[in-house]
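Undergrad: Dropping the structure in here first, questions after.
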Amino acid sequence: MKINHAHHIAVNTMEIERAVEFYRDILGFREVRRADMGPCTLVYMEISENMYMELFDLRGGTEDGQTAENRRGLRHIAFDVDDVRAWDAFLREKGVPFVQELSEMPQIGKRAILVSDPDGVVVELCESL
1 MKINHAHHIA VNTMEIERAV EFYRDILGFR EVRRADMGPC TLVYMEISEN MYMELFDLRG
61 GTEDGQTAEN RRGLRHIAFD VDDVRAWDAF LREKGVPFVQ ELSEMPQIGK RAILVSDPDG
121 VVVELCESL
């Protein structure tokens, strides 16, 4: 098992359109997908081949600072892998704390798990469906 490459950077934003305009018009990223994920809207911006930025619209939610899911700024780091299920089993054997169980997200074409590093940074391992 190995990590193939970094896949995306995820950022929470309080004003999604302002963020999209900045990354598209100022930095030259390309919007490739929008998905309604229930509590938030997700916009995928292509940075370069096989590297993306996920912008999460918090829809005016509060910035309570308690969890990465509700805080403005960095949300998690993600790495592309060939077999998420194998990583799931391996990380459980190692006692790594899970933030999100294995989930399939057909809206964005991936399967993923989220775990916590020793300092609380959320790390996602994902594969394409």
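Read in order, the letters of the sequence shown correspond to residues 1 to 129 in full-length UniProt numbering. Note that the Cβ used here is the ideal one computed from N, Cα and C, for glycine as well.
Give the secondary structure of residue 21 by DSSP, where H, G and I count as helix, E and B as strand, and everything else as coil.
TA: Helix, per DSSP.
Undergrad: Which of helix, strand or coil does DSSP assign to residue 47?
TA: Reduced to three states, the DSSP call for residue 47 is strand.
Undergrad: Using beta-carbon positions only, say whether residue 76 and residue 123 come within less than 9 Å of one another.
TA: Contact flag set, yes.
Undergrad: Looking only at its chain, what residues have a beta carbon closer than 8 Å to the beta carbon of residue 83, apart from the 5 residues adjacent to it on each side?
TA: Result list for residue 83: 1, 127, in chain order.
Undergrad: Can you name the start and end residues of the alpha helix (DSSP H) that residue 84 belongs to?
TA: Counting along the chain, the alpha helix (DSSP H) containing residue 84 begins and ends at 84-93.
Undergrad: If I measure Cβ to Cβ from residue 91 and keep anything under 7 Å in the same chain, skipping five residues before and after, which residues do I get?
TA: Answer for residue 91: 115, listed in chain order.
Undergrad: Is it right to say residue 7 is buried, meaning 16 or more other beta carbons lie within 10 angstroms of its own, or is it exposed?
TA: Buried is the call here.
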